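Down below is the structure, laid out as C-alpha cells.
Residue numbers (my numbering), protein chains in the order written: chain Z, 11 to 754; chain G, 11 to 754.
Structure (C-alpha cells):
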C-alpha cells in the first residue's frame, strides 16, 4: 500500500477507536487524554496546543497529578555527563528532528520510537571532574520511523547537527507506547472481529485486548510490521487476564492498522468465570460494604523500616542522579528501554579512602520469555520485553509503603512520546536503605576456647528498585549495594499469569493427555501455560580501570597419588584460566564442573600479589532448552550461555540487537561473540543471564506471588581485608524510638 | 589399658590442665567455672553442691548472668508432647541413670553424651489435643559412655524404667562440651608438646588449642576415641585463628587424655603476624583511646524494624514453644545436636480457616565440611559438626540488635552436661517478624490497558534463627515463614576462616606452584584453604497427612512434529513421574535436566483435580566432587545426592548415622536408601543438602563476611488460590511513629 496515506489512516483509525470506546469505556477505560486534551506543562513551543495528544495520554494523567505536587522537572538542567535528556533537551531534539530532511516535509509523519542521551565516550566521562570541567557536549540519539522507514540519528544539541547512523538490517524499533495503546483498540473497527466476539458471547463493551509481539517465523512475516492481538473479557473483574477469549488471534499491520487475518481456534472453549479473580482491595471493600475491618482480609503487621539518627551513613541523592551511601557512589537513571541504568559504580576503599571503580555501566539489556505451547494461538509468545515493549516505558509509578518502605526516596523518569514530546513518569525508581534482620558478619567464641566474645554486625544495604509492568507480568528489578563491596542484582517476577482457556473444568477430563495442556489447570477453564523467563544483564565492568581480564577459576577433583603421602584419595583443586578470546569466555554453568568467574585488573595486585578483581556469583537460575535452531531461540541466542564476555563496543548494548522486533537473530550477543575477538587485558563487558522456568500452580491464580532470583558481583581480592571489620556494632541509641501510630 | 582407671586419669589430667592454665590464662582464659565453682540454680538434689563443676563451666557463666535476670526455667513444666526435657526432667533422668546398673556401681564414671526427649510416636502426637488430653508419657533417650563403652538407653520418666537400646556398630557419640573444653588444655601436660611450642618461638601462655575431629582413615585409627589437636598463638589478638602454629598436630586419646603422637611438619613456617587481625570493636576502641566517634569506624544507620499497631498478626509464643503467626503454627525447640527443631508446622487455609499439616519435623540433620588439602596437617579436616561437636551445643547466646532486630523474642535451650546436670543456654533462638522492603505481590496496569490500577502488598515474614559457632565458623540458620505458605530454609556462613600458615609473604614466592597452596594467600604467611560446606536437612513432610508420594515433574525439550502444525520447532514439556522406591527419588540436580520436586498427598485433590502438594525448590548450591570411595566421602555419603526420600523410620534421624564420630560410613542416608524401600503413598522423609564451595579471598581476612544460600518448601496446588489475595495493603496508620533516638 501507499505509505504516504498511512498517517491519515492512522488518524481515522484512532478516531474510530475512540468511537468504539464510547461503548467500551465502562469496563475498560481508555486513558483520558485520548479524547480529552489538557494543557501541557512540558511544551516549550509557544504555539503548541498540548502535549496531551493521542500520543501521550499517560503524560496527561501525570499532569493532572502534578497540579497537586509538581515534579518541577521543567527547569531541570543536566549536571552530570550521564544525566538523561531533560525536558528542554527533548524539546530541542524534537525541533531539530522535525526540521531535518526528510522529516521536515511532514513532521507529523515522524514517529519517535526512542530519543535518549547519546552518552559521551567513556574516556570523556571518566576524565570529567564535577565542579571543575564543563559538561561534555550534549548529544542525543533518536530512532524514528517516517513513512514506513526507520532512521537512527545522532543529534548534537548545541550545534543542531543531525547525523544519520547505520540502521540494522533486520527487525523494527521498540514499539511506541502510543501505538501499543492504539493497538488495543484497533480490532474493534473490523466488523469481522466484532462478529467473532459476539459469537463468543461477549459484549464488545467488555472486551479488553492486548498487543502481543509475534516473534519471527519466516519470510511470510517479513517486510511489514506485524503484531498479534488477543482479547479478554473484562466483565466482572479488573483481572481480565484470567478471562481469555481463547484461540482468537488478530494479526494486524502496525503501520496501516489493518487487520490482516483473524484466527479463531477457540470453538467450544468457554471464557473462564470472573468469580474470585478481582484482586483490587478497594473492590473487595466495596463488595463487602466494609471499609477497614474487612471480611477475611489479613492486615499485615508490617514492621516499618526507619533509619536511625543522623550520625550514620545516609542516602544522598546529589544533583538528582548521583547516589552516595555507605562508601558507594553511583549514577542512577531511568531508561525507556533498559528500565534502570546504574553507571560509574565506585566503592570506597576502607584502607585508602579512595573511591575505586567497579562498574562503568550496568543494566538489563534484554529479556526473553518463551511460552511452551506450540499451538496456533500460543506458539509465537516469545517476548523480548525490553526491545519490543520498552522495559522502562512499562515502568509505572511505585506504590509508597507497599512497593518501597516509608523512608524511600523516589526518582522520576523523563520519556518521549511518539510525537517527540517529553513526559514525566513519576516515582519510577525508589532508593532506600534496607535492613532485613540479616547479619553482615558475626562471631561468637564457644566455651571450647573460653574467650567470652560475642561480636555481631547487622547487614544494612542500599536498594535501587524499579518495576516494569509489561502487561500482566511485573518485573521487580533491584540493585542492592552492600557496605563490603558486594552488589546483588535481583529480579522478582510478580503480577498476573498469562493463561489459556480450556473446556476442562476438572483435570480428569484430560483423560491422561495432561501433557497436551502445556500447563496446569489452575481453575475451571483456566490453564497456566509453562514458560521461561530470561533477563540478560549487560555489565560493563571496569575493575580499578577499563582494562580487565576474565578468569575462570575451575574446581575439579584431583586424585591423590603416591607422592602425596595422604590417606585422602581426592580433593578439590582450583585452576585459573585466563580467557584469551570471546569463545573462551562462554560459560555454561554446571553443578559438577564448578568454577568462579573473575573479572580482574591484570595491572593491579594486592599487597601479597593477588590480582584485584570482582567475581560474578550465580545463584538459582535456569537454562533455555529450546532447539538452538528454533526461530525464537535464534532470536534469543543471548541466552545460550549464562555468562559471556565481549570487548567493549559502544554499539553492542542490546543483547538481542538494536531492533529486536521481528528480528531474525542476526545481531545478537551470540553473533557478536562468534567473532571471537581478543578479550585479555581489554575493556570488557560481562553479560549474565538470569533464568526461570515456570510451571504454574494453583497458587498462581488469580494473582502470581513474587518469585525472585539474583546474582552477585562480589569483590575478590579487591580489598586487602574485609571492610566489615570497620563497621561498629549497633547500639540501642542508633535506633529510632518507635511507638504505635495513633490511628489503629 | 584398664578402662576402670580412666576416670581417675581424667581428673588428674584436668587438674594438670588447670595448673597449666594458671600460666596460660592471661591470654586465653579458661571458663571460670573450671576452677571456681559457684552455686547452682538448677540442681534439684538437695545434697548436691553445684552444677558448676568441671563439667559445666558455661552453665556457671549463665548462672552469673541469671543473677540479674533469672530465666526462670527451674519451674518449667512440659506443656506439649514435643517440649524438650525440662530441668527437673533432666535431673530425674540423671537420677535414674545413676541408679541403673552398671552405672550405679560408679555413677561418676558415667558420662552423658546426650540426654533428650524421646519423642512420642507420631500418631500419639498427632492425636493429642491441647487442653483436653493429658500429655503422653514423658520419656528420654540417653547416650552415655561408661568405662569406655557406649550405651543408648530409653528412660521412662514416670515409671523409672531404663531400657537399653541397640548401639551402632561403628563410631562414637557426639563429644561432650566438657571434653571439648578439656581437650584444649590436654597437650600442655605433655613435655614434648611444650618443648615443640618453644621451638616454634611461642610462649606457652600465648597458646590456644582446638580439638579437631579426625574423621576415619582406616584400621590404625579404630577401637579408640581419638582426636587431633592443633594450636595457635593468641598473642596480640583474640583472633588466634589467623595465627596457626602450622603443621603441629597432636593426636590424643580422648578417653585417656593421652598424647599418642605429636606431628610437627611446620619447620620454616612462621606464625603469621597479629597486626590487623583483632576484630573486637571494644578492643579497637581501647586501642584508639576513643569511645564512640571512632577512628574510621563506620557507624551503620541501621533502619530499625518495628512492628506496627496491634491490629495485625503478631508473633505469639504459646507455652514457650509454640509459635503462631500469620496463619502459621509450629513447635520450636533447641536441640543439642540439630540446633533448632521445627515440628508440626501447619498453615491456615485462607478458604476454610483450617490449619493444614505441612511438615511434621524439620531440622539440620548433619553437616559435612571437607577441606581440600591432602597434606599431613590438613587431610583429616572433614568435619561433621552436628554429630561430632553438637550443633546446638555450639550455639551461643544471640546478640540483641545485631544478630536479631530489636523486637525479636528469644528462646533459651536446656542442655545437659557430661555429669548429667542440666544447664541453660540463654537467648539461643530468636523469632521475629521481618520486613525486608520486599514485595509479596504487586501489579500495575500499564497505559496499554488504560486501567488505573496500582496494587501492591509488602512481604512480611516470620524468622526463627539460631547460630552455631563451631569454633571458627558461625552457621546462621534461618527458618523463614511466609504468609502464602512458603518456608525458606537458609544457611549463612559467617565467622572466621580456618587458615594455614605458609612461608610465603607474597604470591610470587610460589613460583608457579600456586596449586600446591591448596588455597589463596590472604595476607603475609596466611593461606585460606579451599573447602566445602554441606548441610543436610531432614524434612519429615506430612502434606495434609502422613501418607505422601514423591513426584518429579521433569521438563525436557520436545521437538514439534508435522502433526503439531506449528512454526515452532521445540518447546518444553513437563512429565510427572511418581517415585516408587527410594532409588527413584535420588536426585542429582542439573541445569540442563530441570525438574520440580513435589511431595504430594495422593489422596487429596484440589477442586479442579490437582494433587495437593509442597515442592522443594533448590536455589544456589554445590555438589561434592570427592571420590565416592574416599573415606571422608563415604562417611559424608549423604551428600551424594541433593535430594533423597526415605520412608519414615524413627531411627533414621541423623544422615551420617547416630554415632558419626570416627564412623566408617556404614550407617548413612546413603546406606539406608540403598535398601530401596517403597515410598509411594507412605509416610515420607525428604532430605535436602545445601552445599557451598569456598575458595577464600582477601575479603575473608581477618573475618569472613556472611555468605548464604537457601532452599524453599513451597505450596504447589496446596491452596485453591493464592492466599496473598487476602492481604490488605499497608497504610500509613499501620506503621509505627518513629523518631530519632535521643542519644546520638
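The beta carbon of each residue, even a glycine, is placed where N, CA and C say it ideally should be. Keep in mind the model is a prediction, meaning the values are calculated, not measured.
Could you give the first and the last residue of the continuous alpha helix (DSSP H) run that contains residue 2 of chain G?
Because chain G spans 11 through 754 in this model, residue 2 of chain G falls outside it and cannot be assessed.
Under 8 angstroms (Cβ pairs) to chain Z, residues found in the stretch 693-715 of chain G
703, 705, 707, 708, 709, 710, 711, 712, 713, 714, 715
Are the beta-carbon atoms belonging to residue 487 of chain Z and residue 498 of chain Z less than 8 angstroms from one another?
Here residue 487 of chain Z is taken as the residue at index 477 of the first chain, counted from 1. Here residue 498 of chain Z is taken as the residue at index 488 of the first chain, counted from 1. No. Outside cutoff.
By the 7 angstroms beta-carbon criterion, what residues does the stretch 277-293 of chain Z contribute toward chain G?
286, 289, 290, 291
Leaving out the 5 sequence neighbours to the left and right, which residues in its chain are closer than 8 angstroms to residue 616 of chain G when beta-carbon positions are compared?
Along the second chain, read from residue 1 onward, the residue named residue 616 of chain G stands at position 606. Answer for residue 616 of chain G: 622, 727, 730, listed in chain order.
Proximal residues of chain G, C-beta to C-beta of residue 669 of chain Z below 9 angstroms
Position 659 of the first chain, counting from 1, holds the residue named residue 669 of chain Z. Simply none; closest approach about 21 angstroms.
Pick from G:664, G:201, G:668, G:246 that is closest to residue 697 of chain G, judged by C-alpha positions
The residue you call residue 697 of chain G lines up with position 687 of the second chain. When only C-alpha atoms are compared, the closest one is G:664.
Which residues, taken in chain order from the stretch 447-472 of chain Z, show a beta carbon closer than 9 angstroms to some beta carbon of chain G?
447, 448, 449, 450, 451, 452, 453, 454, 455, 456, 457, 458, 459, 460, 461, 462, 463, 464, 465, 466, 467, 468, 469, 470
Closer than 8 angstroms to chain Z by CB, residue 569 of chain G:
Your numbering for residue 569 of chain G matches position 559 in the second chain. Yes, its Cβ sits closer than 8 angstroms to a Cβ of chain Z.
DSSP state of residue 45 of chain Z, grouped into three classes?
The residue given as residue 45 of chain Z occupies position 35 in the first chain. Below a pLDDT of 50, predicted positions are generally treated as unreliable, and residue 45 of chain Z, at 34, falls in that range; no measurement from the model is reported.
Leaving aside the five residues before and after residue 743 of chain Z along the sequence, list all residues of the same chain whose C-beta is less than 6 angstroms from its C-beta, in chain order.
One-based indexing of the first chain puts residue 743 of chain Z at position 733. So the list is empty, once near-sequence residues are dropped.
Of the residues Z:271, Z:546, Z:446, the one placed nearest residue 680 of chain Z, counting alpha carbons only
As a first step, residue 680 of chain Z must be located in the first chain, where it is residue number 670. Answer by Cα proximity: Z:546.
What span of residues does the beta strand (DSSP E) with residue 609 of chain Z cover, start to end?
To locate residue 609 of chain Z, count along the first chain from 1; it is residue 599. Per DSSP, residue 609 of chain Z belongs to the beta strand (DSSP E) from 605-615.
Return the bridge partner residues of residue 720 of chain G from the DSSP annotation.
Your numbering for residue 720 of chain G matches position 710 in the second chain. Looking at the DSSP assignment, residue 720 of chain G forms a beta bridge with G:500.
What is the DSSP secondary structure of residue 641 of chain Z, counted as helix, strand or coil?
Stepping through the first chain from its first residue, residue 641 of chain Z is reached at position 631. Three-state result, residue 641 of chain Z: helix.
How about the stretch 698-711 of chain G and the stretch 629-636 of chain G: do they share at least three Cβ pairs that are nearer than 8 angstroms?
yes
Classification of residue 501 of chain G by the beta-carbon crowding that lies within 10 angstroms, buried from 16 upward:
Your numbering for residue 501 of chain G matches position 491 in the second chain. Residue 501 of chain G comes out buried.
Paired residues, beta bridge with residue 432 of chain G - DSSP
Indexing the second chain from 1 puts residue 432 of chain G at position 422. DSSP, once it has assigned bridges, lists G:426 as partnering residue 432 of chain G.
Residue 74 of chain G by DSSP, collapsed to three states: which one?
As a position in the second chain, residue 74 of chain G is number 64, starting the count at 1. Low confidence applies here, because residue 74 of chain G scores a pLDDT of 41, under 50, leaving its location unreliable and the question unanswered by this model.
Alpha carbon to alpha carbon, how far is residue 577 of chain G from residue 387 of chain Z?
Within the second chain, residue 577 of chain G is the residue found at index 567, counting from 1. Within the first chain, residue 387 of chain Z is the residue found at index 377, counting from 1. Going by the C-alpha atoms only, they are around 12 angstroms apart.
Cβ pair residue 702 of chain G, residue 503 of chain G closer than 8 angstroms
Within the second chain, numbered from 1, the residue matching residue 702 of chain G stands at position 692. Within the second chain, numbered from 1, the residue matching residue 503 of chain G stands at position 493. Yes, they are a contact pair.
Buried or exposed, going by whether 16 or more other CB atoms sit within 10 Å of the CB of residue 143 of chain G?
Taking the second chain and counting its residues from 1, the one referred to as residue 143 of chain G is at position 133. It counts as exposed.
Sequence-distant residues of its chain with Cβ nearer than 7 angstroms to residue 275 of chain G (five each side left out):
Taking the second chain and counting its residues from 1, one reaches residue 275 of chain G at position 265. The answer, listed in chain order, is 257, 386, 387.
For residue 135 of chain Z, which of helix, strand or coil comes out of DSSP?
Here residue 135 of chain Z corresponds to residue number 125 of the first chain, with the count starting at 1. Correct three-state label for residue 135 of chain Z: helix.
Taking the alpha carbon of residue 595 of chain Z as the reference point, which residue from Z:688, Z:555, Z:510 has its own alpha carbon closest?
Position 585 of the first chain holds residue 595 of chain Z. Selected option, being the one with the closest Cα: Z:688.
Residue span of the beta strand (DSSP E) that contains residue 347 of chain G, given as start and end
Against the second chain, residue 347 of chain G aligns to sequence position 337. It is not in any beta strand (DSSP E) - residue 347 of chain G carries neither H nor E in the DSSP assignment.
Using C-beta distances below 6 angstroms, list every residue in its chain close to residue 74 of chain G, excluding the 5 sequence neighbours before and after it, in chain order.
Here residue 74 of chain G corresponds to residue number 64 of the second chain, with the count starting at 1. Confidence at residue 74 of chain G is low in this model, with a pLDDT of 41, below 50, so its placement is unreliable and no value can be given for it.
By alpha-carbon positions, which one of G:208, G:382, G:153 ends up nearest to residue 277 of chain G?
Looking up residue 277 of chain G in the second chain gives position 267. Nearest C-alpha to residue 277 of chain G: G:208.
By the 9 angstroms beta-carbon criterion, what residues does the stretch 548-570 of chain G contribute toward chain Z?
563, 565, 566, 567, 568, 569, 570
Kindly indicate which three-state DSSP category residue 565 of chain G falls into: helix, strand or coil?
As a position in the second chain, residue 565 of chain G is number 555, starting the count at 1. Strand.
Are the CB atoms of residue 124 of chain Z and residue 152 of chain Z nearer to each other than 8 angstroms?
Taking the first residue of the first chain as 1, we reach residue 124 of chain Z at position 114. Taking the first residue of the first chain as 1, we reach residue 152 of chain Z at position 142. In contact: residue 124 of chain Z and residue 152 of chain Z (Cβ atoms closer than 8 angstroms).
Among Z:668, Z:666, Z:691, which residue has its Cα nearest to the Cα of residue 657 of chain Z?
Position 647 of the first chain holds residue 657 of chain Z. It is Z:691.
Chain Z contact for residue 748 of chain G (CB, 8 angstroms cutoff):
As a position in the second chain, residue 748 of chain G is number 738, starting the count at 1. Chain Z contact via Cβ: present.
is_contact[residue 600 of chain Z, chain G] using C-beta, thresh 8 angstroms:
Counted from its first residue, the first chain places residue 600 of chain Z at position 590. Chain G, which has a Cβ nearer than 8 angstroms to the Cβ of residue 600 of chain Z, makes this yes.
According to DSSP, is residue 397 of chain Z part of a helix, a strand, or is it coil?
Here the question's residue 397 of chain Z lines up with position 387 in the first chain. Three-state result, residue 397 of chain Z: helix.
Chain-ordered chain G contacts of residue 502 of chain Z [CB-CB under 8 angstroms]
Here residue 502 of chain Z is taken as the residue at index 492 of the first chain, counted from 1. 448, 449, listed in chain order.
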